[in-house]
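Chemist: Pasting a structure below so you can have a look.
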Amino acid sequence: MRFASNMAQIIDGNRIANEVRCEVRLQLEKFVGAGNRVPHLTAIIVGEDPASQTYVEKKIIACKEVGISSETKALPITTTQEELLKLIDELNNDDKVNGLLVQLPLPAGIDERIICNAVSAAKDVDGFNELNIGRLALDMKGIVPATPLGVKTLLERYNINTFGRNAVVIGRSKNVSLPIAILLHSDGRNATKGMDATVTICHRYTPPKELTRVCRQADIIVVAVGKPGLITKDMVKPGACIIDVGISRIPDEATGKFKLVGDVEFDEVREVAGHITPVPGGVGPMTVAMLMKNTLNAAKSQAGCADK
Ligand code: NAD
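174 is the number of the first residue of the sequence shown in my numbering; add one for each residue after it.
Here you go:
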């Protein structure tokens with residue numbers, strides 16, 4: 174058995190998210206102090222999914238903390254795609270709105286890809302529009318989705334070396350895993366400042382044995398699946414960095430309530446890994462912090478004073 178001091182260093186997402194929010198607040202004060210309007214984020218939510226409502230509330234609270242003005246447009250579940258597109262069009266053309274997001278998932282009958290593509294690329298602070306994903310894929314500057322940007326920021330601020338290292342991304346979703354894989358493998362010299370890793374992507378059709386083989390060779394494992402217990406100790410190379418993006422709500426035998434868990438068997442993997450993110454308190458808080466950063470940057474770009 175390893176001593177506690179040999180356990181993986183916990184990557185504290187709450188601490189780094191707080192750092193990012195403080196930086197955004199200071200930059201925002203400077204931006205507004207220079208005579209620019211207070212940045213504004215509008216969030217659209219359709220229906221009454223409790224998890225979505227919680228996510229949107231967290232975003233609105235974070236806006237208040239950093240000084241971004243915000244508003245939620247809550248639409249009934251009966252909203253049609255055409256009605257939603259009409260509202261997006263109005264908000265795209267409203268100069269007071271700098272950032273615009275539509276909380277996913279959307280009710281059946283509304284095509285998420287059509288909706289994400291309808292949000293103006295300049296205001297698309299979720300980075301889900303085809304132009305922003307395309308720009309990222311082509312190493313061009315654009316708006317990078319918040320969760321992938323949060324993963325990159327955690328790796329950077331904990332000085333995890335990615336240059337020429339082996340990374341595995343588990344999951345291939347277009348909004349989460351694909352942008353993470355793009356950021357990890359792309360060239361650090363380009364506009365999106367990639368991380369120069371050698372990346373393998375695994376997904377639901379990767380045979381379990383193959384998943385284990387690939388993970389065992391990885392210096393960095395980023396898992397975004399939503400399957401508790403998917404990554405176990407025997408799959409992890411000693412000293413590897415484990416970023417657990419997954420979130421599942423499962424019954425807690427100890428309290429009889431529900432608790433949030435990731436995709437990693439945290440207690441056992443912690444004994445072999447070098448660094449590990451907890452769930453909650455790892456990637457989750459970073460997502461909201463990076464959304465704040467994206468909203469400020471969108472307002473700056475629209476005002477013609479974007480950061481390099
Ligand atoms: P998704 O359902 O779109 O994608 C899941 C992916 O997992 C798919 O690409 C699928 O191929 C892959 N997969 C399924 N079973 C697998 C298996 N046995 N082995 C390997 N791969 C497998 O989900 P998503 O939107 O990409 O989200 C993934 C997870 O991340 C979810 O748990 C979600 O709640 C969480 N999430 C967390 C944050 C955050 O801020 N921490 C943000 C977004 C999503």
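In this text, a Cβ means the ideal position worked out from N, Cα and C, and glycines have one as well.
Only a predicted model underlies this, so the values are computations on that prediction, with no experimental measurement involved.
Buried or exposed: I283, going by 16 or more other Cβ atoms within 10 Å of its Cβ?
Modeler: Position 110 of the sequence shown, counting from 1, holds the residue named residue 283. Counting the other Cβ atoms within 10 Å of the Cβ of I283 gives 16 or more, which makes it buried.
Chemist: Is there contact between the stretch 250-258 and the stretch 304-313, where contact requires at least three CB pairs shorter than 8 Å?
Modeler: no
Chemist: Classify D417 as helix, strand or coil using the three-state DSSP reduction.
Modeler: Position 244 of the sequence shown holds residue 417. Correct three-state label for D417: strand.
Chemist: Run the CB neighbour count on D262, radius 10 Å, all protein chains shown included, and call it buried at 16 or more, exposed below.
Modeler: By 1-based counting over the sequence shown, the position of residue 262 is 89. Counting Cβ neighbours within 10 Å, D262 comes out exposed, since fewer than 16 surround it.
Chemist: Can you give me the C-alpha to C-alpha distance between G206 and L199, rounded to a whole angstrom?
Modeler: Along the sequence shown, read from residue 1 onward, the residue named residue 206 stands at position 33. Along the sequence shown, read from residue 1 onward, the residue named residue 199 stands at position 26. If you draw a straight line from the Cα of G206 to the Cα of L199, it is about 10 Å long.
Chemist: Are the beta-carbon atoms of D299 and L260 separated by less than 7 Å?
Modeler: Mapped onto the sequence shown, residue 299 falls at position 126. Mapped onto the sequence shown, residue 260 falls at position 87. No; because the gap between Cβ atoms is not below 7 Å, this pair is not in contact.
Chemist: Please report the Cβ distance between L327 and G186, rounded to the nearest whole angstrom; I am assuming they are in contact, meaning their Cβ atoms lie under 8 Å.
Modeler: The residue you call residue 327 lines up with position 154 of the sequence shown. The residue you call residue 186 lines up with position 13 of the sequence shown. Confirmed, about 6 Å.
Chemist: Under the DSSP definition of a beta bridge, which residues are partnered with K114?
Modeler: Residue 114 lies beyond the residue range present for the chain, which begins at 174 and ends at 481; the question has no answer from this structure.
Chemist: Taking the C-alpha atoms as reference points, what is the distance between I416 and I449?
Modeler: As a working note, residue 416 is residue 243 in the sequence shown. As a working note, residue 449 is residue 276 in the sequence shown. Cα to Cα, the separation comes out at about 6 Å.
Chemist: Tell me the residue span of the alpha helix (DSSP H) that contains T251.
Modeler: Position 78 of the sequence shown holds residue 251. Here T251 belongs to no alpha helix (DSSP H), and DSSP marks it neither H nor E.
Chemist: Is the stretch 421-432 touching the stretch 361-375 in the sense that three or more CB pairs, one from each, lie closer than 8 Å?
Modeler: no
Chemist: Assign N339 to one of three DSSP states: helix, strand, or coil.
Modeler: Here residue 339 refers to the residue found at position 166 when the sequence shown is read from its first residue. In this structure, N339 counts as strand in the three-state DSSP scheme.
Chemist: So does R345 have its beta carbon nearer than 6 Å to some heavy atom of ligand 1?
Modeler: Mapped onto the sequence shown, residue 345 falls at position 172. Flag set: Cβ of R345 near ligand 1.
Chemist: Quick check: G240 and L201, are their CB atoms within less than 7 Å of each other?
Modeler: Looking up residue 240 in the sequence shown gives position 67. Looking up residue 201 in the sequence shown gives position 28. Yes, they are a contact pair.
Chemist: Is any heavy atom in ligand 1 found nearer than 6 Å to the beta carbon of T326?
Modeler: One-based indexing of the sequence shown puts residue 326 at position 153. No, Cβ of T326 sits at least 6 Å from all heavy atoms of ligand 1.
Chemist: Is A397 near ligand 1, with its Cβ less than 6 Å from a heavy atom?
Modeler: Working through the sequence shown from its first residue, we reach residue 397 at position 224. Yes; taking the cut-off as 6 Å, the Cβ of A397 has a heavy atom of ligand 1 nearer than that.
Chemist: Is the closest heavy atom of ligand 1 to the C-beta of R377 under 6 Å?
Modeler: Here residue 377 refers to the residue found at position 204 when the sequence shown is read from its first residue. It does: the Cβ of R377 is within 6 Å (strictly closer) of some heavy atom of ligand 1.
Chemist: Check whether the stretch 459-476 and the stretch 339-356 are in contact - that is, three or more C-beta pairs closer than 8 Å.
Modeler: Contact between the stretch 459-476 and the stretch 339-356 is absent, because fewer than three Cβ pairs lie under 8 Å.
Chemist: I need the straight-line Cα distance from P318 to N271, nearest angstrom please.
Modeler: Numbered from 1 along the sequence shown, position 145 holds the residue referred to as residue 318. Numbered from 1 along the sequence shown, position 98 holds the residue referred to as residue 271. Rounded to the nearest angstrom, the two C-alpha atoms are 16 Å apart.
Chemist: So, under 8 Å CB-CB, A462 and C414 are touching, yes? Tell me the CB distance rounded to an integer number of Å.
Modeler: In the sequence shown, residue 462 corresponds to position 289, counting from 1. In the sequence shown, residue 414 corresponds to position 241, counting from 1. No, A462 and C414 are not in contact; Cβ-Cβ is about 20 Å, not under 8 Å.
Chemist: Quick check on C375: does DSSP put it in helix, strand or coil?
Modeler: Stepping through the sequence shown from its first residue, residue 375 is reached at position 202. C375: strand per DSSP, three-state reduction.
Chemist: Expressed to the nearest angstrom, what Euclidean distance is found between the alpha-carbon atoms of M174 and I306?
Modeler: Against the sequence shown, residue 174 aligns to sequence position 1. Against the sequence shown, residue 306 aligns to sequence position 133. At M174, the pLDDT of 44 sits below 50, so the modelled position is not reliable and the matter cannot be decided from this model.
Chemist: With respect to 6 Å, is the separation between the Cβ of V342 and the closest non-hydrogen atom of ligand 1 below this value?
Modeler: Reading the sequence shown from its first residue, position 169 is the one you call residue 342. In this structure, V342 has its CB at a distance of at least 6 Å from all heavy atoms of ligand 1.
Chemist: Going residue by residue through the stretch 392-480, where are the continuous beta strand (DSSP E) segments of at least 3 residues, counting only ones entirely within it?
Modeler: 393-396, 414-417, 421-424 and 431-434
Chemist: For the stretch 377-386 against the stretch 330-337, are there 3 or more C-beta pairs whose distance is under 8 Å?
Modeler: no
Chemist: For the beta strand (DSSP E) holding V239, just list the boundary residues, first then last.
Modeler: As a working mapping, residue 239 is identified with position 66 in the sequence shown. Here V239 belongs to no beta strand (DSSP E); instead the alpha helix (DSSP H) covers P223 to V239.
Chemist: Do you know offhand how far F336's Cα is from T428's?
Modeler: Within the sequence shown, the letter at position 163 stands for residue 336. Within the sequence shown, the letter at position 255 stands for residue 428. When rounded, the distance between both Cα atoms is 43 Å.
Chemist: CB S350 to CB Q276, shorter than 7 Å?
Modeler: Counting from one through the sequence shown, the residue named residue 350 turns up at place 177. Counting from one through the sequence shown, the residue named residue 276 turns up at place 103. The answer is no: Cβ separation not under 7 Å.
Chemist: Any idea if I287 is buried or exposed, counting beta-carbon neighbours within 10 angstroms, 16 or more meaning buried?
Modeler: In the sequence shown, counting from the first residue as 1, residue 287 sits at position 114. Exposed, by the Cβ-count rule.
Chemist: Alpha carbon to alpha carbon, what distance is there between I184 and F176?
Modeler: Counting from one through the sequence shown, the residue named residue 176 turns up at place 3. Counting from one through the sequence shown, the residue named residue 184 turns up at place 11. Here F176 scores only 49 on pLDDT, less than 50, and its place in the model should not be relied on; the value that follows carries that caveat. Looking at the two C-alpha atoms, the distance is approximately 19 Å.
Chemist: Cβ-heavy atom distance between T405 and ligand 1 below 6 Å?
Modeler: For this step, residue 405 is matched to residue 232 along the sequence shown. No.
Chemist: With DSSP as the reference, label G272 as helix, strand or coil.
Modeler: Reading the sequence shown from its first residue, position 99 is the one you call residue 272. The answer is strand: DSSP assigns G272 an E or B state.
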